[in-house]
Amino acid sequence: MKILYFAWLKEKTGVAEEDCALPDGVADVAALVEWLTARGGGFADAFSDPSIVRVAVNQEHVATDHPLADGDEVAFFPPVTGG
Amino acid sequence: MIRVQQHDFDIGAELAKLTDGNTSIGGVCSFVGLVRDFAGDDAVDGMTLEHYPGMTEKQLEAIDKQAQDRWPLDATLIIHRFGSLEPGDRIVFVAAASAHREAAFEACHFLIDWLKTQAPFWKKETGKDGATWVEAKTSDDSAAKRWRDD
Chain G
0 MKILYFAWLK
10 EKTGVAEEDC
20 ALPDGVADVA
30 ALVEWLTARG
40 GGFADAFSDP
50 SIVRVAVNQE
60 HVATDHPLAD
70 GDEVAFFPPV
80 TGG
Chain D
0 MIRVQQHDFD
10 IGAELAKLTD
20 GNTSIGGVCS
30 FVGLVRDFAG
40 DDAVDGMTLE
50 HYPGMTEKQL
60 EAIDKQAQDR
70 WPLDATLIIH
80 RFGSLEPGDR
90 IVFVAAASAH
100 REAAFEACHF
110 LIDWLKTQAP
120 FWKKETGKDG
130 ATWVEAKTSD
140 DSAAKRWRDD
């Protein structure tokens, strides 16, 4: 699984992109957020208010109950501000 | 058509190219987004636009297709820039061409409203207090929602 972070999520986690195996017991986006938060430090800070974090799986906007599979590309970012 | 690029674009040349050779087009409606020199009460010196390569193109193509499916359009164009920009710089260009003006106006409005809530771009503004990430506006969500409620 590939995980990407953008904008202030990238700054807070200190990570732009990482490869990791789908952790045991993580079946959806919400569970992945919990798993990442448990790393503590910048990750706990980045996900301290999950309501302001948006997520895409395989480059499509999804809700936090979206299921995950190994091989997915998951991206975390703030609400978009282009245009 | 969609384009994501760092460099500037020439509005006149883009519009000419969009309609070139298609004489069934009766009107083109376009929107140009520029970098403002203020945010609320604060001055803005510049901005950096970050995006998600791959997803950006995918989302813009999806938005473009939705407009094509919804209105009788002869041509559409979305150009969005990324990287460092200064006040006055062009950020985004959206154009829709159709036989009649109503479809062109509505599609252009739809494209920019939809893009603002779906395309993965993030603005970081630089001012007297350093650099800050721009927060999304609920008014942008309301503007996009209008097209869903039809």
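Top to bottom, those sequences are chains G and D.
Numbering that gives the first Met the number 0 numbers the first residue of the first sequence as 0 and each following residue consecutively.
Numbering that gives the first Met the number 0 numbers the first residue of the second sequence as 0 and each following residue consecutively.
Glycine included, each C-beta is placed from N, C-alpha and C at the ideal position.
- Taking C-beta atoms as the reference points, D/I62 and D/L114 count as a pair closer than 8 Å.
- Closest in C-alpha terms to D/P119, from the list D/K127, D/G129, D/R100 and D/R80, comes D/R80.
- Following the DSSP letters along the chain, one finds G/W7 inside the alpha helix (DSSP H) bounded by residues W7 to T12.
- For the 8 Å CB-CB criterion, G/A30 and G/G24 form a contact.
- If you draw a straight line from the Cα of D/T125 to the Cα of G/V28, it comes to about 33 Å.
- Going by C-alpha positions, G/G13 is about 13 Å away from G/F46.
- A Cβ-Cβ contact shorter than 8 Å links G/G82 with D/G32.
- Following the DSSP letters along the chain, one finds G/L21 in no alpha helix (DSSP H), marked with neither H nor E.
- G/W7 reaches chain D at W132, counting residues in chain order whose Cβ is nearer than 7 Å.
- Residues of the stretch 48 to 69 of chain D with a Cβ closer than 8 Å to any Cβ of chain G, in chain order: L48, E49, H50, Y51, G53, M54, K57 and Q58.
- Between G/L8 and G/P78, the C-beta spacing is not below 8 Å.
- Within the stretch 82 to 113 of chain D, those residues whose Cβ lies closer than 9 Å to any Cβ of chain G are, in chain order, I90, V91, V93, I111 and D112.
- The Cβ-Cβ distance between D/A142 and D/A95 does not fall below 8 Å.
- Apart from sequence neighbours up to five positions away, the residues of its chain that approach D/A74 with a beta-carbon distance below 6 Å are L17 and A96, ordered along the chain.
- If you check each beta-carbon in the stretch 24 to 50 of chain D against every beta-carbon of chain G, the ones closer than 8 Å belong to G32, L48, E49 and H50.
- Interface annotation for the stretch 116 to 131 of chain D against chain G: T116, Q117, A118, P119, F120, W121, K122 and K123, criterion Cβ-Cβ distance under 8 Å.
- Remark: C-beta atoms of D/W70 and D/E105 approach each other more closely than 8 Å.
- Taken through DSSP and simplified to helix, strand or coil, D/T22 comes out as coil.
- Cα atoms of G/R53 and G/I2: separation of roughly 13 Å, rounded to the nearest angstrom.
- The beta carbon of D/H79 falls within 8 Å of a beta carbon belonging to chain G, placing the residue at that interface.
- Every unbroken stretch of the alpha helix (DSSP H) spanning 4 or more residues and falling wholly within the stretch 30 to 76 of chain G is given here in chain order: 40 to 45.
- For D/A135, the chain G residues whose C-beta falls within less than 8 Å of its own C-beta are P77, P78, V79 and T80, listed in chain order.
- Looking at the DSSP output, D/M46 bridges to D/L84 and D/E124.
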